[in-house]
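K.L.:
After the structure tokens below, expect a handful of questions from me.
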Amino acid sequence: MINTINMKKQPKPSLKPSELVSAKEACATAGISAATLYAYVSRGLVRTYPDPDDARRSRYDAHDVDALVARKKRPRTRSEIARSTIEWGEPILRSAVSQIRDGRLYYRKRDATTLAGTESFETVTSLLTGTGLDFDRSSAHPTHTPSSHPLDTIMMALVKEAAKTSGRDGPRRGARLINQVIAAGSGVAARKDEPVHTQVARGLGAKPSEQDIIRRALILCADHELNPSCYAARVAASTGANLAASLLAGIAAFSGPRHGRMPDLCAAWLDSPDEPRLKTPEQSVPPGFEHRLYPQGDIRALDLLKECPAPEDWQKKADMVLQQTGAHPNVTFALACMERRLNLSKGASCALFAIGRSVGWVAHVLEQRKVGPKIRPRAFI
Numbered sequence: 001m002i003n004t005i006n007m008k009k010q011p012k013p014s015l016k017p018s019e020l021v022s023a024k025e026a027c028a029t030a031g032i033s034a035a036t037l038y039a040y041v042s043r044g045l046v047r048t049y050p051d052p053d054d055a056r057r058s059r060y061d062a063h064d065v066d067a068l069v070a071r072k073k074r075p076r077t078r079s080e081i082a083r084s085t086i087e088w089g090e091p092i093l094r095s096a097v098s099q100i101r102d103g104r105l106y107y108r109k110r111d112a113t114t115l116a117g118t119e120s121f122e123t124v125t126s127l128l129t130g131t132g133l134d135f136d137r138s139s140a141h142p143t144h145t146p147s148s149h150p151l152d153t154i155m156m157a158l159v160k161e162a163a164k165t166s167g168r169d170g171p172r173r174g175a176r177l178i179n180q181v182i183a184a185g186s187g188v189a190a191r192k193d194e195p196v197h198t199q200v201a202r203g204l205g206a207k208p209s210e211q212d213i214i215r216r217a218l219i220l221c222a223d224h225e226l227n228p229s230c231y232a233a234r235v236a237a238s239t240g241a242n243l244a245a246s247l248l249a250g251i252a253a254f255s256g257p258r259h260g261r262m263p264d265l266c267a268a269w270l271d272s273p274d275e276p277r278l279k280t281p282e283q284s285v286p287p288g289f290e291h292r293l294y295p296q297g298d299i300r301a302l303d304l305l306k307e308c309p310a311p312e313d314w315q316k317k318a319d320m321v322l323q324q325t326g327a328h329p330n331v332t333f334a335l336a337c338m339e340r341r342l343n344l345s346k347g348a349s350c351a352l353f354a355i356g357r358s359v360g361w362v363a364h365v366l367e368q369r370k371v372g373p374k375i376r377p378r379a380f381i
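See below:
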């Protein structure tokens, strides 16, 4: 039995029901999207409380929403505008690769969860990057490193590739780099005519009956707007860095515990004693929970958890987190659950995340080369 969780509890509202509004009502009043509303919540500008009639939903302080409307009417300083662009605020860069809108994720205007239900990883790669993986993938061999963690192996593979400056550096090169990430992350080379998800499932220790959930996870991890690793890859690309070097910038950003290693941190928290202290200081919820762009729950996590439910003890903790904070599990929780439930190899959840996201890295680098000058933001005091 779980007694307590060491995190900030969501206070019970002292407001009348009429002073609490739904997300739809808050967005309509303030003239904002659901993603922007949740960004305001995360910054403490709008207080939120569990809906007494449905614990899966939240209610919002109407007074805070009215204050937002008043703030929008006054001019913002340049520093306020600059700060808002890097703290889950307004979009700052045009991209056709993916978009999060109204709680859904779209890859080039196509619903990502629909694609995950019907398409192959190869098809989604072609959709996002404009090139296929239909040539001989067996030429990409695993990279062996002293570290047993797949993210370190992928990084070393890209270091070697980045040092190669000869040859063409376009979409086909991008496809070959994705194949190299697949081999490095899964630890096995592709067999002839073997689909990517089968190769990855085999390398990570999944059973043949579990291959389809691997395919779903790879697709749902393929891209996610301007996440830190894709943005880092774009910044490198904007300077003229070659494709592999740009992907190396991406994996470097991805390797941090707040991004690509989050599934590991989530699993450690879920396996910890009843009063864990594994949150980073600035977090009010445990690792693996909450995503500011999905106020009603990360659609990727919802999709994966339907196919691969959380272990019972982990689900109990997830239920308590939701009850106490209103925070839903995000995709890193779902990936951690897959590694545990399917008894995959150590670090497999991070490997799935990185292999999938390598498609986004390539797509963003290719797009940046076509549409953007050097990315060079200014600083302010």
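In this text, residue positions in the sequence shown follow full-length UniProt numbering: the first is 1, and each later residue adds one. No residue lacks a Cβ here, since even glycine has one placed at the ideal position from N, Cα and C.
1. Identify every residue that forms a DSSP beta bridge with T48.
2. Taking T153 as the reference, give the member of G372, G360 and C350 with the closest Cα.
3. Residues in its own chain within less than 6 Å of V371 by CB, not counting five upstream and five downstream?
4. Is there contact between the stretch 218-238 and the stretch 110-119, where contact requires at least three CB pairs shorter than 8 Å?
5. Mind checking who L105 pairs with in its DSSP beta bridge?
6. Output needed for C266: all residues of its chain with C-beta closer than 6 Å, excluding positions within five of it in sequence on either side, in chain order.
7. By DSSP, does L344 sit in helix, in strand, or in coil?
8. The alpha helix (DSSP H) with L37 in it runs from where to where?
9. Please state the DSSP three-state secondary structure of F380.
10. Cα separation between V21 and I32?
11. Considering A112, what are the terminal residues of the alpha helix (DSSP H) in which it resides?
12. Who are the Cβ neighbours of D298 in its own chain at under 6 Å, not counting the five residues just before and after it?
13. Taking only runs that begin and end inside the stretch 301-344, name each unbroken alpha helix (DSSP H) of 4 or more residues, in chain order.
14. Indicate the three-state DSSP secondary structure (helix, strand or coil) for residue 389 in the structure shown.
15. Per DSSP, what are the beta-bridge partners of D54 in this structure?
16. Taking A26 and Y60 to be in contact with their CB atoms under 8 Å, please state how far apart those CB atoms are, rounded to whole angstroms.
17. If you scan the stretch 200-239 from start to end, which runs of the alpha helix (DSSP H) of 4 or more residues do you find wholly inside it?
18. V362 by DSSP, collapsed to three states: which one?
19. State buried or exposed for E225, treating a residue as buried only when at least 16 other CB atoms are found within 10 Å of its CB.
20. Check the C-beta distance from T129 over to V359 and give it rounded, since I have them as a contact under 8 Å.
21. With DSSP as the reference, identify every bridge partner of V21, one or two as the case may be.
22. Mind checking who F289 pairs with in its DSSP beta bridge?
23. Going along the chain, which residues of its own chain have a beta-carbon closer than 7 Å to the beta-carbon of L133, five neighbours each way excluded?
24. Could you give the distance in angstroms between the alpha-carbon of L37 and the alpha-carbon of T48?
25. Please list, in chain order, all residues of the same chain as R261 whose beta carbon is under 7 Å from its beta carbon, the five residues on each side excluded.
26. So, with DSSP's three-state summary, where would you put L68?
27. Tell me whether the beta-carbon of S229 lies closer than 8 Å to the beta-carbon of A237.
28. Using only the alpha-carbon positions, how far apart do D264 and T29 sit?
29. For Q296, which of helix, strand or coil comes out of DSSP?
30. Going by beta-carbon coordinates alone, are Q296 and R57 separated by less than 8 Å?
31. Following the continuous alpha helix (DSSP H) through K160, name the residue where it begins and the one where it ends.
32. My assumption, with CB atoms under 8 Å, is that I214 sits in contact with L352. Please give the rounded CB distance.
33. By the 10 Å Cβ neighbour count, where 16 or more other Cβ atoms means buried, how is D319 classified, buried or exposed?
34. State the start and end residues of the unbroken alpha helix (DSSP H) segment that holds A245.
35. May I have the straight-line CA-CA distance separating D193 from R376, to the nearest angstrom?
36. How many angstroms separate the CA atom of W361 from the CA atom of K109?
P.N.:
Put simply:
1. Y60
2. It is C350 whose Cα lies nearest to the Cα of T153.
3. none
4. yes
5. DSSP lists I100 as partners of L105.
6. Within the same chain, C266 has close Cβ partners P287, G288, T332, F333 and A336.
7. coil
8. Boundaries of the alpha helix (DSSP H) around L37: A34 to S42.
9. Residue state, collapsed to three classes: coil.
10. 14 Å
11. A112 to T118
12. H291, N330 and V331
13. 312-325 and 331-341
14. Lying before the first or after the last residue shown, residue 389 is absent from the chain, which here runs from 1 to 381.
15. Answer is D51, bridged to D54.
16. Indeed, because the Cβ distance is near 4 Å, the residues count as touching under 8 Å.
17. 211-220 and 228-238
18. In the structure shown, V362 sits in a helix (DSSP, three-state: H, G or I).
19. buried
20. 6 Å
21. Y60
22. F289 is bridged to P329.
23. Hits under 7 Å: E122, T125, A175, I178, N179 and V196.
24. 11 Å
25. L151, S255 and C350
26. helix
27. no
28. 40 Å
29. coil
30. yes
31. P150 to A162
32. About 7 Å; that satisfies the 8 Å criterion.
33. exposed
34. A245: member of the alpha helix (DSSP H) spanning L243 to F254, first to last residue.
35. Spanning the alpha carbons of D193 and R376 requires a straight line of approximately 43 Å.
36. 18 Å
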